[in-house]
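Trainee: In numbering that gives the first Met the number 0, the protein residues as written are 0 to 179.
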Amino acid sequence: MLAEAVATLIFTGVVLGASAVSSPLVPALAGGLAAGTLSCALGAPQANPALTLALLCTHKLSALRGAAVLLAQCAGAVLAATAARLALLDDTGMVTRVSVPVPVPIPVPVGAEALLCPQVSAAGTVGQALCWEIFATFQLVLTTFATANHETVPTGLALGSAVIAGTLAAVRTPPMPPAC
0 MLAEAVATLI FTGVVLGASA VSSPLVPALA GGLAAGTLSC ALGAPQANPA LTLALLCTHK
60 LSALRGAAVL LAQCAGAVLA ATAARLALLD DTGMVTRVSV PVPVPIPVPV GAEALLCPQV
120 SAAGTVGQAL CWEIFATFQL VLTTFATANH ETVPTGLALG SAVIAGTLAA VRTPPMPPAC
């Protein structure tokens with residue numbers, strides 16, 4: 000359980016710290032390198048509640064151990080988020096929530112149009128973010144299960160690459176304005 004808490008703390012802290020940079024490539028690489036390194040160094044902890052739930056659903060973890068792992072992961076993530084919040088400047092935009100009005104064909108009270116289609120960034124809605132998160136998590140779980148029983152596959156490299164690929168696929172950046 001300690002390995003799960005520490006791995007989640009390190010992974011979450013690295014990704015949150017790297018997210019302070021405006022480029023989507025930096026957190027993707029940081030997360031992939033952290034996942035690969037933690038996988039090799041700590042004996043492949045999940046460090047991901049979604050992955051733990053997948054292991055529970057496929058009966059690769061007992062219910063008691065799964066619950067303990069989930070609690071350890073949540074504790075590690077909360078500690079990392081708290082440390083990132085304290086360490087980074089107040090104006091650092093780790094997580095943005097942009098309220099972008101969505102044109103609606105029916106009359107809607109002023110301010111309510113953003114409630115119809117909530118935005119998580121200037122480039123995407125909550126539904127789009129959820130779909131990309133499901134996709135990225137699915138390919139991570141698939142990679143984890145595919146490499147679990149193969150001695151010849153470098154698990155750290157596979158998991159790190161899956162994290163990088165999932166992050167880069169899910170990142171949506173707003174289109175660049177035309178050059179003057």
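Where a beta carbon is used, it is the ideal one built from N, C-alpha and C, also for glycine.
On the three-state DSSP scale, how would you describe Thr57?
Mentor: Within the sequence shown, residue 57 is the residue found at index 58, counting from 1. In the structure shown, Thr57 sits in coil (DSSP, three-state: anything other than H, G, I, E or B).
Trainee: Does DSSP put Pro23 in a helix, a strand or coil?
Mentor: Here residue 23 corresponds to residue number 24 of the sequence shown, with the count starting at 1. Coil.
Trainee: Tell me where the alpha helix (DSSP H) around Ala164 begins and ends.
Mentor: Within the sequence shown, the letter at position 165 stands for residue 164. Ala164 -> alpha helix (DSSP H) spans 154-169.
Trainee: Sort Val140, Ala66, Ala164 by Cα distance to Ala4 and report the nearest one.
Mentor: Here residue 4 refers to the residue found at position 5 when the sequence shown is read from its first residue. Comparing Cα-Cα distances from Ala4 to each of Val140, Ala66, Ala164, the minimum goes to Ala66.
Trainee: Nearest by alpha-carbon distance to Trp131: which of Ala169, Arg64, Val125 is it?
Mentor: By one-based count along the sequence shown, residue 131 stands at place 132. Out of Ala169, Arg64, Val125, Ala169 has the C-alpha closest to the C-alpha of Trp131.
Trainee: In or out: Val140 buried (at least 16 other Cβ within 10 Å) or exposed?
Mentor: The residue you call residue 140 lines up with position 141 of the sequence shown. Val140 should be labelled buried.
Trainee: Can you tell me the Cβ-Cβ gap for Gly155 and Gly35, rounded? I've got them flagged as a contact below 8 Å.
Mentor: Locating residue 155 in the sequence shown gives position 156, counting from the first residue. Locating residue 35 in the sequence shown gives position 36, counting from the first residue. At roughly 4 Å, the Cβ-Cβ gap stays under 8 Å, so Gly155 and Gly35 are in contact.
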